[in-house]
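The opening residue of the sequence shown carries number 0 in numbering that gives the first Met the number 0; numbering runs sequentially from there. Positions of the beta carbon are idealized from the N, C-alpha and C atoms, including for glycine. In this text the structure is predicted, and so the values were computed from the model without any measurement.
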Amino acid sequence: MRAALLRGKAQPLEIVDLEIAPPAPGEVKIRLVASGICRSDLSVTTGVLKSPMPVVLGHEAAGIVEELGEGVSSLKRGDRVVVSLSPACGECLFCNEGAPNRCFQMAPGMIGSTMLDGSNRLSQNGERIYQLCGVASFAEEAIVCARSCIVVDDDVPLERACLLGCGVLTGAGTVFNFPDIKPDTSLAIIGCGGVGLAAIQAARIKGVAPIIAIDIDPAKLTLAKELGAHHALDGNDDVQKAVRKLTGLGVHTAIEAIGNVATMESAWEMLRPGGLEIAVGMPRAGEKIPIRAGGLFLEKRLAGSTYGSSDPRRDIPRLLAHIRNGEFHLDPLVSEELPLERAQSALDDLAAGRGARHVIVFDH
Ligand SMILES: [Zn+2]
Ligand SMILES: [Zn+2]
Numbered sequence: 000m001r002a003a004l005l006r007g008k009a010q011p012l013e014i015v016d017l018e019i020a021p022p023a024p025g026e027v028k029i030r031l032v033a034s035g036i037c038r039s040d041l042s043v044t045t046g047v048l049k050s051p052m053p054v055v056l057g058h059e060a061a062g063i064v065e066e067l068g069e070g071v072s073s074l075k076r077g078d079r080v081v082v083s084l085s086p087a088c089g090e091c092l093f094c095n096e097g098a099p100n101r102c103f104q105m106a107p108g109m110i111g112s113t114m115l116d117g118s119n120r121l122s123q124n125g126e127r128i129y130q131l132c133g134v135a136s137f138a139e140e141a142i143v144c145a146r147s148c149i150v151v152d153d154d155v156p157l158e159r160a161c162l163l164g165c166g167v168l169t170g171a172g173t174v175f176n177f178p179d180i181k182p183d184t185s186l187a188i189i190g191c192g193g194v195g196l197a198a199i200q201a202a203r204i205k206g207v208a209p210i211i212a213i214d215i216d217p218a219k220l221t222l223a224k225e226l227g228a229h230h231a232l233d234g235n236d237d238v239q240k241a242v243r244k245l246t247g248l249g250v251h252t253a254i255e256a257i258g259n260v261a262t263m264e265s266a267w268e269m270l271r272p273g274g275l276e277i278a279v280g281m282p283r284a285g286e287k288i289p290i291r292a293g294g295l296f297l298e299k300r301l302a303g304s305t306y307g308s309s310d311p312r313r314d315i316p317r318l319l320a321h322i323r324n325g326e327f328h329l330d331p332l333v334s335e336e337l338p339l340e341r342a343q344s345a346l347d348d349l350a351a352g353r354g355a356r357h358v359i360v361f362d363h
């Protein structure tokens, strides 16, 4: 089966033929219909995020179940599924604390780019090929953990539903799951790519006002307003001054959806006393955020959020319900559909800040 392979940092993706082993117990083989292209994929190519190589990138997957590993009873052949990043084992410390977004069983995929048992199902002429996040969806087929699969009804196209696997769940989940983000409180969202635009829509659904979108791309700001932002600010301007003009004291909550320490600092500065910054973008692991400590005496707070602080099995169906009743729109998030052969050009667009979300659509 064809896949886009990354052999090493800063190398271009190569379209290659790979061997794929059958699913092991607890796994399923899916035929990919679509894969979103997320900033984290780009970050592996640049070395901001580490992965063993060679690796097949891609972790925003949707497809059709083709083969069941031993013991899989939750799915059947032909099921249309979105693949979440959390196997949500239901047994570990974090799952028991109600935080499956921190499930211990995410570690092999997220850190080691392997399946849960530490091995891989992909190879090329006998050479081991790693699978990013245990998903590896820049490929025609994938072996994934059955527990990570969420069934999607026929009325939501998989070419859009794939975004629920990472970006949309991260953005919308953060808004839905943080109790600080309430109706009629102010919210700034810095970065209006796939994650930020999902957060804006969730905020509109939750009745948050005003919603202030900030980006340096005028096209994304236009989209942000169409999807529910009350104000759109050009990040090249003096955003602190503009936020004060709109809110008086500053915002109740600011979401940083880029993973850039400069915008994390900017989010901190635009908070009102008692306000909360939520950093959802993924910075380079060793980076430090230069925030003014004086803000702590104004009772400002800084929180991280991973994967929308979500429970995928609860929150993906909840999002599908909002999509079905017309409140949440996936179409505007997709700037381009492209074939696997153009995965590299999509990463180049993402690096240049062009477009919201690119989606690889497979032609089987
Ligand atoms: Zn767990
Ligand atoms: Zn992602």
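Q) Straight-line CA distance for L121 to G274? A) Taking the straight line from one Cα to the other gives about 47 Å.
Q. Does the pairing of the region 26-40 with the region 127-145 give three or more beta-carbon distances under 8 Å?
A. By the criterion of at least three beta-carbon pairs nearer than 8 Å, the region 26-40 is in contact with the region 127-145.
Q) Excluding sequence positions up to five away, which residues of its chain have a Cβ less than 7 Å from the Cβ of S334? A) G354, A355, R356, H357
Q: Might you give, ordered along the chain, the residues of its own chain that have their beta carbon closer than 8 Å to the beta carbon of L66, omitting 5 neighbours on each side?
A: Looking at the sequence provided, one finds Glu at residue 66 rather than Leu. P21, P22, V27, K28, R76, listed in sequence order.
Q.
Is any non-hydrogen atom of ligand 1 found closer than 6 Å to the C-beta of C441, if you look at the structure I gave you?
A. Residue coverage of the chain in this structure runs from 0 to 363, which leaves residue 441 outside it and unanswerable.
Q: Would you kindly check if the distance between the Cβ of A160 and the Cβ of V81 is under 7 Å?
A: yes
Q.
Tell me which residue opens and which closes the alpha helix (DSSP H) that K181 is part of.
A. From DSSP, K181 is part of no alpha helix (DSSP H); its letter is neither H nor E.
Q. Taking 6 Å as the line, does the beta carbon of C161 fall inside it for any heavy atom of ligand 2?
A. In this structure, ligand 2 has no non-hydrogen atom nearer than 6 Å to the beta-carbon of C161.
Q) By Cβ distance, which residues of its chain are closer than 8 Å to C165, with the 5 residues on each side in sequence left out? A) G35, C37, S39, H58, E59, L84, Y306
Q. Buried or exposed: P11, going by 16 or more other Cβ atoms within 10 Å of its Cβ?
A. Exposed.
Q | Range of the contiguous alpha helix (DSSP H) that encloses M92 | A | Note on residue identity: the sequence assigns Leu, not Met, to residue 92. Looking at the DSSP string, the run of the alpha helix (DSSP H) that includes L92 is 92-95.
Q. Regarding C91 and ligand 1, is the C-beta to nearest heavy atom distance less than 6 Å?
A. yes
Q. With contact counted as at least three CB pairs below 8 Å, one residue from each stretch, are the region 148-163 and the region 84-98 in contact?
A. no
Q: Please say whether V174 and A198 have beta carbons closer to each other than 7 Å?
A: Against a cut-off of 7 Å, the Cβ pair of V174 and A198 comes out as a contact.
Q. To which residues of the same chain is G117 closer than 8 Å at the C-beta, ignoring the five residues directly before and after it?
A. Contacts found: P107, G111.
**Q.** Cutoff 8 Å; reference A302; Cβ partners in own chain excluding five residues on either side
**A.** F177, L275, E276, I277, A278
Q) Quick one: is the Cβ of C132 within less than 6 Å of any heavy atom of ligand 1? A) no
Q. Does the beta carbon of C102 fall short of 6 Å from some heavy atom of ligand 1?
A. yes
Q.
Would the region 250-266 count as touching the region 182-195 if we require 3 or more Cβ pairs under 8 Å?
A. yes
Q: Pick out whichever of G285, P289, G280 has its Cα sitting closest to the Cα of E268.
A: P289
(Q) By the three-class DSSP mapping on this structure, what secondary structure does H230 have? (A) strand
Q. Going along the chain, which unbroken runs of the beta strand (DSSP E) with 3 or more residues stay wholly within the region 145-178?
A. 148-150
Q.
Rounded to the nearest angstrom, what separates Y129 and P53 at their Cα positions?
A. 6 Å
Q | Secondary structure, alpha helix (DSSP H): runs of 4+ residues fully inside the region 75-146 | A | Entirely contained in the region 75-146, the alpha helix (DSSP H) runs reaching 4 residues are, in chain order, 92-95, 106-111.
(Q) Could you compute how far the alpha carbon of E90 sits from the alpha carbon of G68? (A) 21 Å
Q) Among K224, G206, I63, which one has its Cα closest to the Cα of K181? A) Taking the Cα of K181 as reference, the smallest distance to any Cα among K224, G206, I63 is reached at G206.
Q: Taking V260 as the reference, give the member of M0, A145, L92, I189 with the closest Cα.
A: I189
Q) Can you tell me where the alpha helix (DSSP H) with K205 in it begins and where it stops? A) 193-205
Q) Any heavy atom of ligand 1 within a distance shorter than 6 Å of the CB on C94? A) yes
Q | Whole-Å CB distance - G25 paired with G70, under 8 Å assumed | A | 6 Å
Q) Where does S308 sit, in a helix, a strand or coil, going by DSSP? A) Here S308 sits in helix by DSSP.
Q.
I need the straight-line Cα distance from A320 to E126, nearest angstrom please.
A. Rounded to whole angstroms, the gap between the alpha carbons of A320 and E126 is 43 Å.
Q: Can you tell me the Cβ-Cβ gap for I215 and D237, rounded? I've got them flagged as a contact below 8 Å.
A: About 13 Å; that fails the 8 Å criterion.
(Q) Report the start-end ranges of each beta strand (DSSP E) in the region 245-329 that is 3 residues or longer and not cut off at the edges. (A) 250-255, 270-278, 300-303
Q) When DSSP labels each residue in this structure, what does L373 get in the three-state scheme? A) Residue 373 lies beyond the stretch modelled for the chain, which goes from 0 to 363, so this question has no answer here.
Q. Near ligand 2, which residues have their beta-carbon less than 5 Å from any of its heavy atoms, given in chain order?
A. C37, S39, C165
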